[in-house]
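Novice: Before I ask anything, let me first share the structure, which is written out below as C-alpha cells.
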Amino acid sequence: MNQYQAFRVELADKVANVVINRPEKINAMNAAFWTEIIDIFKWIDETDDVRVVVLSGAGAHFSSGIDLQLLAQVGGELGKDVGRNAEKLRRKILSLQASFNAVDNCRKPVIAAIQGYCLGGAIDLISACDMRYSTSDAQFSIKEIDMGMAADVGTLQRLPRIIGDGMMRELAFTGRTINGEEARSIGLVNRSYADQQALQDGVQDLARQIAEKSPLAIRGTKEMIRYMRDHRVDDGLEYIATWNAAMLQAADLRVAVTAHMTKQKPDFAD
1 MNQYQAFRVE LADKVANVVI NRPEKINAMN AAFWTEIIDI FKWIDETDDV RVVVLSGAGA
61 HFSSGIDLQL LAQVGGELGK DVGRNAEKLR RKILSLQASF NAVDNCRKPV IAAIQGYCLG
121 GAIDLISACD MRYSTSDAQF SIKEIDMGMA ADVGTLQRLP RIIGDGMMRE LAFTGRTING
181 EEARSIGLVN RSYADQQALQ DGVQDLARQI AEKSPLAIRG TKEMIRYMRD HRVDDGLEYI
241 ATWNAAMLQA ADLRVAVTAH MTKQKPDFAD
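Mapping to full-length UniProt numbering: the sequence shown position 65 is 65, numbers consecutive.
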C-alpha cells in the first residue's frame, strides 16, 4: 500500500481505516489531501478484500476543512483577466468536487467517525459518506458563509437529503455551530458517543458487522440507494429487478440460507 502525506490507511478484518493524518494542522485539507483521497478510494474500490471503510481524523479533531494556504495559493495564481480567472477557478472547483465524488461513488459502505471540529469542507466530506457517527461534543459548522462564499464541494447538494432542506438552509445561511447531540437529533449523525474511544469502538463494531455480510448484497443495496436519489420509485423497482436477476444466482444466497437454517455464521467469499 502506498505511503500518503495527508492520510494513514490500514486494512484489518476486511475494514479499511482511512485516517486524515495531519493532527498538527487540525487535519486541514491541503493539496495532497485532495489528490490522495481519489487514489485511496480507487484502491478501495478495486480491492476485493476491502468490504467497509471507516473514515476518521487523527488526534483531537476530525478536520477543520480546507487548508487556508491552499486557498491563498489558488488566489495567487489569478491574473487580471476576469474570464480566464473564472475558467481557472471553475476547473479547480470541479477538481475538488471530484475528490468527494470518489467517496460518494465508492461501491463499499463508508462510515465517518467524527470528533472535535468538523468544519467547512469537512461537512462536504461527511455528506458524501453513507453513515456518520460522532462524539457528543463534536462541533459541526458550514463555515463557508463566514468566509464570504457558498459551499461548493457537495454540502448544499447532498446535505438536504440527509437532514432536510429547511435545516440545511438554516445551517448554511447562519454558519452556526452544532454539537454532536444536536447533529444526532437532526439526523446528521446516526448516533453520538460519550468520548472518542467509545466512538471508535462503536464504529469498528458496526464496520465488522457489515463486513460479515455478503459483499454482493451490500454492493447491490448501496447501488439501489444511490440510484433512488435521482429516480422515481418505478424506475428503482425496474432497476432492482434487473440487478437481482443476475445477483440472485450468486453463491452468496445459498450460503446465507444454509447458515440461517443451520444456525451457523456465514462465510462469504470476497
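A virtual CB, placed ideally from N, CA and C, is assigned to each residue, including glycine. If you're wondering where the values come from, they're calculated on a predicted model, not measured in any experiment.
Which whole-angstrom value describes the C-beta separation of residue 153 and residue 175, a residue pair presumed to lie in contact below a C-beta threshold of 8 Å?
Specialist: With a Cβ gap of about 16 Å, residue 153 and residue 175 do not count as contacting.
Novice: I'd like to know if the segment 218–229 and the segment 99–115 are in contact, where contact means that at least 3 CB-CB pairs between them fall below 8 Å.
Specialist: Touching, yes.
Novice: DSSP three-state call for residue 41: helix, strand or coil?
Specialist: Reduced to three states, the DSSP call for residue 41 is helix.
Novice: Could you round the C-beta distance between residue 207 and residue 15 to whole angstroms and report it? I think they count as a contact, below 8 Å.
Specialist: Sure, about 5 Å apart at Cβ, within 8 Å.
Novice: Report the option in 227, 249, 211 whose CA atom is closest to the CA atom of residue 239.
Specialist: Among 227, 249, 211, the Cα nearest to that of residue 239 belongs to 227.
Novice: Taking contact to mean at least 3 C-beta pairs separated by less than 8 Å, is the segment 178–191 in contact with the segment 67–75?
Specialist: Counting Cβ pairs under 8 Å, fewer than three are found: no touch.
Novice: Please state if the CB of residue 26 and the CB of residue 56 are separated by a distance shorter than 8 Å.
Specialist: No. Outside cutoff.
Novice: Opposite residue 10 in the DSSP bridges: which residues?
Specialist: DSSP lists 17 as partners of residue 10.
Novice: Could you check where the alpha helix (DSSP H) with residue 119 kicks off and where it finishes?
Specialist: That residue, residue 119, is in no alpha helix (DSSP H); its beta strand (DSSP E) goes 117–119.
Novice: Give me the Cβ distance between residue 157 and residue 138, rounded to the nearest whole Å; I'm assuming they're in contact under 8 Å.
Specialist: Not really, about 23 Å apart at Cβ, beyond 8 Å.
Novice: So does the segment 127–137 actually touch the segment 193–202, counting three or more Cβ pairs closer than 8 Å?
Specialist: Yes, the segment 127–137 is in contact with the segment 193–202.
Novice: Kindly indicate which residue of 224, 29, 229, 269 has the alpha-carbon position closest to the one of residue 162.
Specialist: Measuring from the Cα of residue 162, the nearest candidate turns out to be 229.
Novice: Measure the CB-CB distance between residue 7 and residue 36 and report whether it falls below 8 Å.
Specialist: Cβ atoms of residue 7 and residue 36: closer than 8 Å.
Novice: Determine the contact status of residue 58 and residue 19, defining contact as a CB-CB distance below 8 Å.
Specialist: Yes, they are a contact pair.
Novice: Can you give the Cα-Cα distance for residue 237 and residue 247, rounded to whole angstroms?
Specialist: Their Cα atoms are separated by approximately 15 Å.
Novice: Start and end of the alpha helix (DSSP H) containing residue 168?
Specialist: Start and end: 165–174.
Novice: Run the CB neighbour count on residue 53, radius 10 Å, all protein chains shown included, and call it buried at 16 or more, exposed below.
Specialist: Residue 53 comes out buried.
Novice: Please go through the segment 70–131 and give each complete beta strand (DSSP E) segment of 3 or more residues, from N-terminal end onward.
Specialist: Runs found: 110–114, 117–119.
Novice: With DSSP as the reference, please indicate the residues paired to residue 193 in a beta bridge.
Specialist: For residue 193, which the question treats as bridged, DSSP gives the partners 135.
Novice: Taking the Cβ atom as the reference point for each residue, do residue 141 and residue 177 lie within a distance shorter than 8 Å?
Specialist: Contact: yes.
Novice: Going by DSSP, name the residue or residues bridged to residue 141.
Specialist: The partner list for residue 141 (beta bridge, DSSP) reads 119.
Novice: Would you mind giving the Cβ-Cβ distance between residue 173 and residue 128, rounded to the nearest angstrom? I have them listed as a contact below 8 Å.
Specialist: About 22 Å; that fails the 8 Å criterion.
Novice: Give the single residue among 4, 170, 44, 43 whose Cα lies nearest to the Cα of residue 30.
Specialist: It is 4.
Novice: Leaving aside the five residues before and after residue 130 along the sequence, list all residues of the same chain whose C-beta is less than 6 Å from its C-beta, in chain order.
Specialist: Same-chain partners within the cutoff: 109, 110.
Novice: Which two residues bound the contiguous beta strand (DSSP E) that contains residue 56?
Specialist: First-last of the beta strand (DSSP E) with residue 56: 52–57.
Novice: Using the Cβ count rule (16 or more neighbours within 10 Å means buried), how would you classify residue 24?
Specialist: Exposed, because fewer than 16 other Cβ atoms sit within 10 Å of the Cβ of residue 24.
Novice: How big is the Cα-Cα spacing for residue 126 and residue 62?
Specialist: Rounded to the nearest angstrom, the two C-alpha atoms are 10 Å apart.
Novice: When you compare each of 81, 60, 88 to residue 73 by their alpha carbons, which one comes out closest?
Specialist: Residue 88 is the option with its Cα nearest to residue 73.
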